Amino acid sequence: MSDVRPDSHLHEFLAPGVAADDVPELAPLLHARPLLAAFSTLFHGSEAEVLMRLMVLREIGRESESPRWSPDQLRQRFAFLDPVKLETALRRLRGNGLLEIGEDNLYALSDIGRNAVAAIGMLVSFSAEDDLELGFLTAQLAGLQAVGSITPEALGHLLGKLNDLAWHFEDAIASGSEFRIADARRKLSANMRWIEKGTAVLRELLADPEVPFDLARVAQRIGLAQSRLARVDAAFQRAVNKIEAQRVTLGGSGISSSDVARWLRSLDARKLAVLIDGALAPAPELTLLAGGHEILDRAELTLSEEARQIEADTALPPPEDAPSNRAPEAEDLRLLQHFSQRLAKLAEPGAEPASLARLVAGGGFPASSYRLSLLALLADGGDGESGSAGPTDGPIGEFMRLPLDVLFEAGMVKVGEDEIARMSAGLVGARGSLPAPEAIPVLADPDEPHAPQA
């Protein structure tokens, strides 16, 4: 191997005054230099050289029962290769640590070589499927989870792929293309099994109460991305239904515009050129045909000075006040008016005071709360006779002028109806008819559980 340090030329890529050891992003790569050198050996040179090295290395590692090869066995196994080329490939793999020769003069894969073959083998196994990247990342994540060495970087790769898929699917839907949506839907179906496997891995990861925070944070974001993808299929169906509603059928043939587009997409460039031969020729000049009405309109514009001025006038019309077609909305005071009528009966001669609970309850908690707020307004002395400022006209003014007194107590009374468990104790009666505050018994139940109160 070369005596030149792998980082001897890194200074050419770094800014002046920056050392490789000062860049934290380079630290894991510098630590893995032997493995990276192995991959550099495999993928250096022409495509033919790379393919031959990979093939030789994979075939040597494929033999699991007797993993050691003699030079004669290798020549027999690769008899279809040129002997000189085979010897060059073996020397290159051996010289860079991918192959080892023991004291018995037998070839075997080194640890780095076997790891490289395993990684490449997994990628090759996924390359024939539509879910190459997501399947590989999910399988890698499951393996790391099984050995307890999962990292935020591995989770980040999966999150990036899921977000990329979501963007691809949303872009296909936004395009409105039936064929792009169909392709995206097939891709989603191919990746759905890996999304489900990834969900199982994340569920097991998050079930651990001691999972590190950085792992849990990325795992939760992956879960949100997976949920987003799970909802995409419904969006695909809505887009397909919309396209179906816009599809045109060619006469009574049963052939739709989608069928024609699909057939055209199946043709190669040569067949398309033959098909459109002559169809894109320049259109012939057509004689203008016009009826009497069209000719009369053009003649009037040409001969009439007033018509020409109207045609050329681009000034804005004078401003006008916008018409008022809608009266302002009036406040709904029906509940106030009805409550005022009920309270007015308490001001009649001989009427007995009524409890707050009897007057306020009815119609549910919102209506009861509204009535109680109105009584609190009367209790503050907001009436015309007391001199307080208040409305003088309308239902609100009439309510404020009712000759009533409202007395609130600090205790609570049990109601148990109209969504009210308990409310403030008190009385409402004609002005001057209420007893002193200390004469009102307090009926609060200290053992009553907490519930909505008016």
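With this note's numbering applied, the sequence shown covers 656 to 1109.
C-beta atoms are modelled at their ideal positions from N, C-alpha and C, and glycine is treated no differently.
Computed from a prediction, not measured in an experiment: that's the story for all the values here.
Annotation for A890: I828 place their beta carbon closer than 6 Å to its own, counting only its chain and skipping 5 residues before and after.
Separation of L697 and G752 (C-alpha to C-alpha, rounded to the nearest whole angstrom) is 11 Å. Of the residues assessed, A1012 falls on the buried side of the cut-off, its CB having 16 or more other CB atoms within 10 angstroms.
Assigned with DSSP and collapsed to three states, R1056 falls in coil, not helix or strand. Per the DSSP secondary-structure output, M707 pairs with nothing in a beta bridge. About 5 Å separates the beta carbon of P1050 from that of Q992, a gap short enough to meet the 8 Å contact definition.
Beta-bridge annotation (DSSP): E755 is paired with A763.
Within the model, the alpha-carbon separation for D888 versus K852 is close to 18 Å. Around the beta carbon of K816, 16 or more other beta carbons lie within 10 angstroms, which makes this residue buried. S695 sits in a helix when the DSSP states are folded into three classes.
Between the segment 759-772 and the segment 716-734 there are three or more C-beta pairs closer than 8 Å, enough to call the two in contact. Residue environment: A682 is assigned as exposed (fewer than 16 neighbouring CB atoms within 10 Å of its CB, all protein chains considered). With fewer than 16 other beta carbons inside 10 angstroms of its own, A674 counts as exposed. Of the residues assessed, R717 falls on the exposed side of the cut-off, its CB having fewer than 16 other CB atoms within 10 angstroms. Nearest neighbour of R997 by Cα position, chosen from E975, A1031, L709 and F1054, turns out to be F1054. One thing to note: L813 has its Cβ within 8 Å of the Cβ of T793. By the CB criterion at 8 Å, L820 and A809 fall outside the cutoff. The beta-bridge partner set that DSSP reports for M1078 consists of V1068. Collapsing the DSSP output to three states places S1010 in a strand. By alpha-carbon distance to E1003, the top candidate from A928, A924 and R1086 is R1086.
Taking C-beta separations shorter than 7 Å and ignoring five residues to either side along the sequence, the partners of G1017 in its chain run S1023 and D1073, following chain order. Counting only the Cα atoms, G1019 lies some 20 Å from A1009. If you ignore the 5 residues before and after I898, its C-beta comes within less than 6 Å of the C-beta of E833, all in its own chain and listed in chain order. Where F735 is concerned, there is no enclosing alpha helix (DSSP H), because DSSP gives it neither an H nor an E. With contacts defined as CB atoms closer than 8 Å, I805 and A693 fail to qualify as a contacting pair.
Exposure of N896 is indicated by the presence of fewer than 16 other C-beta atoms within 10 angstroms of its C-beta.
Relative to A885, the option among E825, Y1025, G1052 and F733 whose CA is nearest is E825. Within 10 angstroms of the beta-carbon of F733 lie 16 or more other beta-carbons, which makes it buried. Buried is the label assigned to D1060, since at least 16 other Cβ atoms lie within 10 Å of its Cβ. Pairing M710 with K740 gives a Cβ-Cβ distance that is not under 8 Å. Here R989 has no same chain residue with a Cβ atom under 8 Å from its own Cβ, once five neighbours each way along the sequence are excluded. With contacts defined by Cβ atoms closer than 8 Å, V1070 and L1014 do not form a contacting pair. Following the DSSP letters along the chain, one finds A874 inside the alpha helix (DSSP H) bounded by residues F868 to A885.
By the Cβ-count criterion, L879 is exposed, with fewer than 16 other Cβ atoms from all chains shown falling within 10 Å of its own Cβ. The shortest C-alpha to C-alpha distance from W849 to any of D863, H664, A837 and L796 is the one to L796.
Listed as beta-bridge partners of G1084 by DSSP are D1060.
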